[in-house]
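What follows is a set of notes on a single structure, which appears directly below.
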Amino acid sequence: PQNVAASVTYLPDANFMSMGGVSLLSSHYKEFDRLIRGDFKVPLTVGSNISGFIKFGGEYRRDNHTNNQHTPYASIDSSNSIQRLMLADIRAQGYNVMLNPNGRVPATQFSSGDNSLYGSFLNDQFGRMFWVLDPTILNKITNYIQSVPELNAVNNQGGAVNPGGWFDGLFQELPNNYMYYENYSAFYAMSELDLGPNIMIVGGVRFEHVTSDFTAYNLRDSRNPATQPAFAQEVTVHPSNKFWLPMVQAKYDPVNWIDIRYSYTQTLARPDYSELSPHYNIGYGGGPVWSGNPDLKPAQAYNHDLEFSFHSNDLGLLTIGGFYKEIKNFTYPTSYNLYNPGPGIIIPPGLDSVGSFNSLGSPPTPGTTLFTYVNNRYIAYVKGIETDFQTRLWYLPRPFDGILLGINYTHIWSQTDYPLTNLITSGRPPHQTYRLIDSTRTGRLLYQPDDILNAYIGYDYEGFSARISCVFQGNSVSYIGNFPEQDGFTENYFRIDFSARQMLPWKGLQIYIDANNLNNENNVSAQSTIGGFTSEQNYGLTADLGIRLTL
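Just remember that the numbering used here sits 1 ahead of the position in the sequence shown, which is counted from 1.
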């Protein structure tokens, strides 16, 4: 007997690709901000050893955000009469669009003839591009289809509804439309006091109050634009919040080359207005569901920082410190399945059910996935150490006395609990029982890498200055799924930059160059269960060269 081994290599072929449809995207975003602000400072002296000042002020800001987005589309094939009518009209306009044996439009009819586009892709990690689109003909076809009333999904023949065509109803107009108005008012009072030559204390409080009006649209996808008005609803909410935020800082100089600093602060991270949207969209057939969350609260952090700084002409500046934070109500995007409360199914607190999205009279399908934003109901803990060193080797002989060195390194430990829900089914129909498990799992805080490093080496000589620097950021959690296997991550990121300045003979005039990402690093996101990346963004090398005049 003989052992025979064979291998087959599959090469991508554009002949197997076909056009699914055409669409148009238009977006108009407008933002208008108004700001009034005032600050006042009053000197303060108490006795002969205490001096400083009292400072107070406030601001009022009104932000208006409006967005209008339009996404009509059409499928193109020969599956029904309106599709065949579209193809006939397209051919009548002089576009020789042919069908393959499966009744689809081959992509090869729209291939680009620019050979420069078929080279390697993303540093040749995945081979060359085997097909590239030339959008010229498709743009003309799309513009023609959307301009002909007979090709609309709702034709003019007695209001009869075509099973296909150009879909341009409310679900193509309203899902991403919104109006957001925010009123932000705040005032603060603080005092800085020098208690003798070696101690300084800064303390104060800030009050913030936010009121807003948010209008968006609840929609359910319907392939029939004539029935879409029944599945569209304008909704307006008025989220608001107010906070008192105290802070205190102290600085102590035991000797003239050492200082010790401590601070306690409370800070906020407000949800993005797109996350606060009151809208929800139900996909075709009852799911999935995409929803904002107007009940989101700002994340509030309680911060403790302690630093020791050492400085001298020979040493430069060396800082070593540690920090500890407790964060509550931080926002993160997530997804989980929607169910109907019923025998054996109890919806855990804080989670939506199918009934949460029934205002349109047609709820989503039980078991469908909800994509939304939530406040974590568990406190996150963040602690870390940070060191920073900056120096100039001025004591070396020329030309080495112009060398500059700097490095900053931070190591972070973060931990929090995330909800973990799972539906357990037991038995067989018609005697099935259901149990919704509400538990938790532990993980890192969202967007918190374990390691951050910044370093540079530079050179200064009279009117010339140059720096080459690098930045490293370790991987971090970027998305929290219903299960740990669904979590998303950013990969480690390392970038090298360069900048240089040269003063010119004329006062205030200089020539400069800034170059970023010399090593052509990509931004990569991944998911562990996939075994590879989920997205990769290549911004490449960017550079600015110019002349600057400082008056």
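Quick reminder that beta carbons are idealized off the backbone N, C-alpha and C, glycines included.
Take residue i as the anchor and find which of the options has the nearest alpha-carbon.
i	options	result
Asn423	Phe131, Phe484, Tyr462 and Ala467	Phe484
Asn242	Leu88, Gln70 and Tyr185	Tyr185
Thr633	Cys471, Arg271, Tyr448 and Gly482	Given a span of 2 to 552 for the chain in the structure shown, any question on residue 633 remains unanswerable.
Ala456	Ile142, Ser466 and Thr411	Thr411
Ser76	Leu25, Leu454, Leu361 and Pro450	Leu25
Ser477	Ala467, Cys471 and Asn493	Asn493
Gly21	Arg105, Ile146 and Glu32	Arg105
Gly343	Ile321, Lys329, Tyr379 and Pro367	Pro367
Phe1	Phe208, Leu196 and Tyr480	The structure shown does not extend to residue 1, since the chain is modelled only from 2 through 552, so no value can be given for it.
Tyr253	Ile202, Thr268 and Gln229	Ile202
Thr268	Asp214, Pro247, Tyr274 and Phe188	Pro247
Ile83	Gln94, Ser113 and Ile146	Ile146
Tyr274	Val211, Asn103 and Met191	Val211
Glu193	Gln94, Lys42, Ser148 and Leu454	Lys42
Ala187	Gly48, Ile321, Glu32 and Leu36	Leu36
Glu32	Phe17, Tyr179, Ser117 and Gly48	Tyr179
Counting only the same chain and skipping the five closest in sequence on each side, list residues whose C-beta sits under 8 angstroms from that of residue i.
i	result
Gly159	At Gly159, the pLDDT of 43 sits below 50, so the modelled position is not reliable; the number obtained from the coordinates is stated separately. There are no such residues.
Ala544	Ile514, Asp515, Ala516 and Asn517
Val256	none
Asp452	Tyr410, Thr411, His412, Ile413, Phe473, Gln474 and Gly475
Tyr96	Ile138, Lys141 and Ile142
So, at 6 angstroms on beta carbons, what are the nonlocal neighbours of residue i in its own chain, with the 5 sequence-adjacent residues on each side left out?
i	result
Arg560	The question about residue 560 has no answer, for the chain in this structure spans 2 to 552.
Tyr325	His305 and Lys384
Leu45	Gly53, Phe54 and Ile55
Glu183	Asp64 and Ser213
Pro263	According to the sequence provided, residue 263 is Tyr. The question's Pro does not apply to it. Closer than 6 angstroms at the Cβ level, and outside the excluded window around Tyr263, lie Ala251 and Leu307.
If we call anything under 8 angstroms between Cβ atoms a contact, is residue i one with residue j?
i	j	result
Arg502	Tyr513	yes
Asn341	Ser357	no
Phe331	Ile261	no
Thr216	Val23	no
Phe232	Leu361	yes
Tyr189	Gly205	yes
Phe390	Gly317	yes
Pro240	Leu277	yes
Val553	Leu371	Residue 553 falls outside the range modelled here, since the chain spans only 2 to 552, and no answer is possible.
Tyr333	Leu447	yes
Thr417	Tyr462	no
Ser470	Ser526	no
Val238	Pro272	no
What's the gap between the Cα of residue i and the Cα of residue j?
i	j	result
Glu235	Phe122	44 angstroms
Asp306	Asn50	27 angstroms
Pro150	Val98	21 angstroms
Tyr396	Ser415	42 angstroms
Pro450	Gln301	20 angstroms
Tyr11	Asn153	For Tyr11, the predicted structure reports a pLDDT of 45, less than 50, and the residue's modelled location is therefore unreliable. A value from the coordinates is still provided. If I take the Cα positions, the gap works out to 40 angstroms.
Asn140	Asn294	37 angstroms
Phe111	Gln126	26 angstroms
Lys298	Ala270	9 angstroms
Val472	Glu327	27 angstroms
Glu387	Arg399	33 angstroms
His66	Tyr30	7 angstroms
Tyr419	Gln487	13 angstroms
Asp498	Pro349	49 angstroms
Ser80	Ser19	14 angstroms
Ile548	Met504	10 angstroms
Gly288	Asn523	34 angstroms
Thr392	Ser313	10 angstroms
Arg62	Asp40	15 angstroms
Gly403	Leu519	24 angstroms
Leu546	Gln528	39 angstroms
Arg352	Ala381	One detail in the question is off: residue 352 reads as Leu in this sequence, not Arg. Each residue's alpha carbon lies about 20 angstroms from the other.
Pro230	Asp115	45 angstroms
Phe57	Arg468	39 angstroms
For residue i, which residues of its own chain have a beta-carbon under 7 angstroms away from its beta-carbon, when the five flanking residues on both sides are left out?
i	result
Phe311	Trp258, Ile259 and Leu319
Tyr119	Arg129, Met130 and Val133
Asn521	Gly541 and Leu542
Asn101	Ser19 and Pro107
Thr551	Gly509
Asp365	Just to set this straight, residue 365 is Pro in the shown sequence, not Asp. Answer for Pro365: Ile283, Gly287, Gly288, Val290, Leu339, Val355 and Phe358, listed in chain order.
Asp315	Tyr396
Please indicate yes or no: does the CB of residue i lie closer than 7 angstroms to some heavy atom of the ligand ZN?
i	result
Phe168	What this structure holds is no ligand at all, so the ligand ZN is not there to describe.
Assess, as a yes-or-no matter, whether the region 404–413 is touched by the region 366–381 under the definition of 3 or more beta carbon pairs within less than 8 angstroms.
Segments in contact, no.
Does the region 207–222 touch the region 269–284, meaning 3 or more C-beta pairs lie closer than 8 angstroms?
Counting C-beta pairs with one atom in each stretch, the region 269–284 and the region 207–222 have three or more that are closer than 8 angstroms, which means they touch.
Is it a yes or a no for the region 71–89 touching the region 166–179, going by three-plus beta-carbon pairs under 8 angstroms?
Counting C-beta pairs with one atom in each stretch, the region 71–89 and the region 166–179 have three or more that are closer than 8 angstroms, which means they touch.
Quick check: the region 519–538 against the region 503–510, are at least 3 beta-carbon pairs closer than 8 angstroms?
Taking 8 angstroms as the limit for Cβ pairs, the verdict is that the region 519–538 does not touch the region 503–510.
Pair every Cβ in the region 80–93 with every Cβ in the region 126–134, then say whether three or more of these pairs are closer than 8 angstroms.
In short, these stretches do not touch, since the Cβ pair count stays below three.
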